[in-house]
Amino acid sequence: SLEEVRTALIKERPDVVYVFAPFSNPSLEFLENVGFHLMTVRNTYALKRGVPEQAPQLPEGYRLASLVDGIKPSEEALRDMAVTIGSPGRYFHDPRIKREEAIELYMSWLRNSLYQDYAQEVFAIFKGETMTGLITIKVKEDKGYIDLMGVLPSHQGSGLGSILHDRAVRD
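Residue numbers for the sequence shown, in the numbering used here: 4 to 174.
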């Protein structure tokens with residue numbers, strides 16, 4: 004019952020509560036009444052329809068690359084992508100975590116995905132030498148999962164996210 008959960012939360016005082024149930028206003032109100040604040044909503048989606056017959060086209064001047072082929076973005080590019088991907092997340096908004104620590108956390112996640120086989124595939128979009136978008140794919144039990152995805156704010160709205168997503172589901 005909610006009263007049992009409330010009692011346990013007050014007694015244990017955890018820092019974070021993960022809710023694996025459909026989101027509802029009563030659930031949010033309940034958690035806020037015992038002192039929690041919503042940090043992020045993470046959803047998992049399944050692609051129900053088939054892959055579109057025609058892939059979206061890259062805008063002129065951009066190129067798509069598989070990073071498992073040895074392309075290594077600069078540390079500056081990784082930092083820019085870490086900020087882009089991480090800034091909406093809870094680590095960037097937790098007052099106990101310094102901004103630089105949150106950035107380093109996401110940079111470590113990116114490095115592990117790129118260089119430590121954490122991701123089975125990584126696709127990036129470049130404009131010139133600038134990495135403008137990135138998607139990492141993990142495979143578990145013959146299913147692919149998008150782990151990280153981001154497009155630099157200055158390149159958002161140009162279809163790059165759709166191109167990365169399309170490439171991930173086609174691969």
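Positions of the beta carbon are idealized from the N, C-alpha and C atoms, including for glycine.
The alpha helix (DSSP H) runs lying completely inside the segment 68-96 and spanning 4 residues or more are 78-89, given in chain order. Distance check between Gly153 and each of Thr10, His168, Arg173 places His168 closest, using alpha-carbon atoms only. Cβ contact annotation for Ala105 (same chain, cutoff 7 Å, sequence separation greater than five): Gly89, Tyr94, Phe95, in chain order. Excluding sequence positions up to five before and after Ala127, its CB lies within less than 6 Å of the CB of Ala68, Leu70, Met134, Leu137, all in the same chain and listed in chain order. One alpha carbon belongs to Leu34, the other to Arg16, and they sit about 12 Å apart. No Cβ-Cβ contact shorter than 9 Å links Lys143 with Arg66. By the neighbour-count criterion, in which 16 or more other beta carbons inside 10 Å mark a residue as buried, Asp83 falls on the buried side. Contact annotation, Ile149 with Pro59: C-beta distance approximately 16 Å; criterion of less than 8 Å not satisfied. Tyr118 counts as exposed, since fewer than 16 other beta carbons sit within 10 angstroms of its beta carbon. Nearest C-alpha to Leu81 among Pro98, Glu107, Lys14: Glu107.
Within the model, the alpha-carbon separation for Asp97 versus His158 is close to 27 Å.
Taking every protein chain shown into account, the CB of Pro91 has fewer than 16 other CB atoms within 10 angstroms, so this residue is exposed. Your pair Thr139 and Ser111 does not check out as a contact, with CB atoms roughly 13 Å apart and the cut at 8 Å. Its chain contains Pro62 as the residues whose beta carbon lies nearer than 7 Å to that of Ser161, once the 5 sequence neighbours on both sides are disregarded; these appear in chain order.
Of the other Cβ atoms in all chains shown, 16 or more fall within 10 Å of the Cβ of Ala85; this residue is therefore buried. Taking the CA atoms as reference points, Pro76 sits about 16 Å from Ala122. Within the segment 102-130, the beta strand (DSSP E) runs of at least 3 residues that lie entirely inside it are, in chain order, 124-130.
With contacts defined by Cβ atoms closer than 9 Å, Leu163 and Thr87 do not form a contacting pair.
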